[in-house]
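Presented below is the structure to which this report refers.
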Amino acid sequence: MLGSLGSIILSDENKLNTEMIRVMVGNYKINDENFENENNNIRYNGGNISLPLDHDYYGIRRTFWIQTDKVYKAAGETFKNKLYILKRNNIPLDSLVPDFSEAPLSKSKLKA
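When we follow this note's numbering, the leftmost residue of the sequence shown carries the number 916, and every step to the right adds one.
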């Protein structure tokens, strides 16, 4: 919105309802993170989704279901490719820095 001297000069409304999906395949030691190749762009591009603007429960649910399936399959493919490259280059899994850090569970109570 752009205004001058109390009047609106330009008004542009874009209705967006977006979310992001992220799925990791593997474990703390090795997963689909920290690996790039030409086949895993869907994990990043496909993770951002546009939801129905009318807040339809079934439409939103279906959109999440379809996109989560795509992102999960892409993460699985990336993980498979990562393991293949490591094996092809004779890189032992024990020599790798963990892809994801495990942290102890933290519990806290909030006062109402």
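Heads up, the beta-carbon is just placed ideally off N, CA and C, and yes, glycines get one too.
On a predicted model such as this, the values are computed, not experimentally measured, just so you know.
>> Excluding the 5 residues flanking L998 on each side, which residues of the same chain have their C-beta closer than 8 Å to its C-beta?
In response: Here residue 998 refers to the residue found at position 83 of the sequence shown. Closer than 8 Å at the Cβ level, and outside the excluded window around L998, lie I945.
>> Can you tell me whether E934 is helix, strand or coil according to DSSP?
In response: If you number the sequence shown from 1, residue 934 lands on position 19. Residue state, collapsed to three classes: strand.
> Is it buried or exposed for V986, if we count other Cβ within 10 angstroms and need 16 for buried?
Replying inline: Sequence index remark: in the sequence shown, residue 986 carries index 71 (1-based). Result: buried.
> What runs of the alpha helix (DSSP H), each 4 residues or longer, lie entirely inside the region 964-1008?
Replying inline: 972-1003
> Which residues in the same chain as H967 place their Cβ atom closer than 8 Å to its Cβ, once the five residues preceding and following it in sequence are excluded?
Replying inline: Taking the sequence shown and counting its residues from 1, the one referred to as residue 967 is at position 52. The residue asked about is misnamed: residue 967 is Pro in this sequence, not His. Excluding sequence neighbours, P967 sits near N932, G974, I975, T978.
> How should A1027 be labelled, buried or exposed, when 16 other C-beta atoms within 10 angstroms of its C-beta is the threshold for buried?
Replying inline: As a position in the sequence shown, residue 1027 is number 112, starting the count at 1. A1027 counts as exposed, since fewer than 16 other C-beta atoms from the protein chains shown sit within 10 angstroms of its C-beta.
> Which value, in whole angstroms, describes the spacing of the CA atoms of E948 and I981?
Replying inline: Position 33 of the sequence shown, counted from the start, is the residue given in the question as residue 948. Position 66 of the sequence shown, counted from the start, is the residue given in the question as residue 981. So the two alpha carbons sit approximately 22 Å from each other.
> Whole-angstrom Cβ separation of Y943 and E1017, contact assumed at under 8 Å?
Replying inline: Taking the first residue of the sequence shown as 1, we reach residue 943 at position 28. Taking the first residue of the sequence shown as 1, we reach residue 1017 at position 102. Their Cβ separation, rounded to whole angstroms, is 5 Å, which keeps Y943 and E1017 in contact under 8 Å.
> Nearest-angstrom Cα distance between R937 and F950?
Replying inline: Within the sequence shown, the letter at position 22 stands for residue 937. Within the sequence shown, the letter at position 35 stands for residue 950. The straight-line gap from Cα to Cα measures roughly 15 Å.
> Do the CB positions of M935 and N952 come within less than 7 Å of each other?
Replying inline: In the sequence shown, counting from the first residue as 1, residue 935 sits at position 20. In the sequence shown, counting from the first residue as 1, residue 952 sits at position 37. No, Cβ-Cβ distance for M935 and N952 is not below 7 Å.
> Taking the Cβ atom as the reference point for each residue, do F994 and V940 lie within a distance shorter than 7 Å?
Replying inline: Residue numbering aside, residue 994 sits at position 79 when the sequence shown is read from its first letter. Residue numbering aside, residue 940 sits at position 25 when the sequence shown is read from its first letter. Result yes, Cβ atoms of F994 and V940 sit closer than 7 Å.
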